[in-house]
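For the sequence shown, the working numbering begins at 4 and goes up steadily by one.
Where a beta carbon is used, it is the ideal one built from N, C-alpha and C, also for glycine.
This one's a predicted model, so the numbers in the text were calculated from it and none came from an experiment.
For reference, the structure is listed below as structure tokens.
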Amino acid sequence: MEKADLADYLDRRREEFRELAAMKGIAFDMTLPKRHVPVLLHPVHFAEICRQILLNAVKFSQPGTDVSLSLTLEELDEGRRALVEFRDHGIGIPGALLPHIFERASLSAREGTLGEPSLGIGLSVVRRLLELHGGAIRVESEEGSGSTFTVELPVTEEDAINYGDVSYRFQTGDIVLFKGLYLDRDQRPHPSENWTHAGMIVKIPGSEEPLLWESTPLESITDRILGFRKGGPQLVSLRERLVTYETDVYAWRPLRVARSPEMIRLMFEYIYKVHRLPFPAQIEVIRRVIQTRFFLRWWPRKPVYRSIFCTELIAETYSRMGLLPETPPASAYLPLDFSERRKINFLKGASLGREVPLRVDGRKERFILPPALSGKT
């Protein structure tokens, strides 16, 4: 077994699969994601798995029809899984054979559409090989309407992940928190301990590129600059935000909630409004949420205010959406340690994604997981 990018592995066999289908006059199409799909596989055995399933699809399809292969990713509580789907428009599988299709028995043996012989053992071998990969296979079929075989493989999180691995996870309405870099007195960069940026993901229909409606970056910005030279919100591509900005080390963490058009509209409205207001008025907006006494007690400590600003933006947004209690606990407005889920129970209906520190290689657009998360030493 070896580590491999499943999308690249399948792409390199595109012509082989196309030629196999063309031998019977059947068109072949393959759809692959642009992102990295890291899996553990035996290159020879997995090629045989794909070949056997494809041969099966071709055998029971008529010339002039088509067969397709697609690769997608599925998010589960126990982790991600890669799904390789083989779909044909052939004669399908009789209902009586479906329960036995992966058994090593002559019961599942039948001739192809042009009389091709079959021993009925190919799919049983496929299932066994997939079990050795830690995967599985399932089939959906209706006689006369074709069949769909779906191969499942666990996705590893051990290798470097690319931009696509980051971007595909987000949906419109996700609030995203970032940790950036700050410079010490010697101008040496250090990752920030607090969240330094906040924004909302926007996916425009028909576009694969997520956009980020983001707040003003807050690290190393004085109150004077923040008050009198404050820029408005920016709608930028997530790729640009991660790759081309001068702050090049992040820990991103999405907050996902039950979405509705009204909720997303309120998010837009608030993020737009808070950035149009001058600095003193902005304080009044935030004061609506937190207890005035608490705010005034902390306001003289300017660095603390800057460190909690992004949390305030998130809290105010969720409050407008009715996702916060009327009197939020004080912990909602202190710099949070997001590694402990119990500290965000005040976000009703929200789930917090895993924090992923990223080291960005802008030239290659690769986001490298650190040893602590990759399992490497």
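- Excluding its 5 nearest sequence neighbours in each direction, SER240 has C-beta neighbours in its own chain below 8 angstroms: GLU212, PRO213, LEU214, LEU215, listed in chain order.
- Residue state for LEU214 is assigned as strand, using DSSP reduced to three classes.
- Taking each of HIS45, GLY93, ILE56, SER150 in turn and checking the Cα distance to PHE20, the smallest one comes out for ILE56.
- The C-beta separation of GLY147 from GLY95 comes to about 5 angstroms, placing the pair in contact by the 8 angstroms criterion.
- Taking a 10 Å sphere around the C-beta of GLY138, we find 16 or more other C-beta atoms and assign the residue as buried.
- Taking the C-beta atoms as reference points, GLY93 is found no nearer than 8 angstroms to PHE49.
- When the five nearest sequence neighbours on each side are left out, the beta carbons in the same chain lying within less than 6 angstroms of the beta carbon of ARG141 are those of THR153, in order along the chain.
- In the displayed model, LEU100 falls within coil according to three-state DSSP, outside both helix and strand.
- When GLN65, THR75, ALA30, GLY67 are compared, the shortest CA-CA separation from LEU13 is found for THR75.
- Contact annotation: GLY149 and ASP91 have beta-carbon atoms nearer than 8 angstroms.
- In the structure shown, GLU146 adopts coil according to DSSP, grouped into three states.
- Straight-line spacing of the CA atoms in ILE204 and ASP8 works out to 27 angstroms.
- Per the DSSP secondary-structure output, ARG90 pairs in a beta bridge with SER71, THR151.
- In the displayed model, PRO46 falls within a helix according to three-state DSSP.
- Pairing THR159 with GLU88 gives a Cβ-Cβ distance that is not under 8 angstroms.
- By the C-beta density criterion, VAL47 is exposed, having fewer than 16 other C-beta atoms within 10 angstroms.
- Excluding sequence positions up to five before and after PHE173, its CB lies within less than 8 angstroms of the CB of VAL179, ILE204, LYS206, PRO213, LEU241, PRO257, all in the same chain and listed in chain order.
- For the set HIS45, ASP11, ARG131, the Cα lying nearest the Cα of SER73 is the one of ASP11.
- Taking 8 angstroms as the cut-off, the Cβ atoms of SER127 and GLU155 do not count as close.
- Partner residues in the beta bridge of PRO41, as assigned by DSSP, are ASP8.
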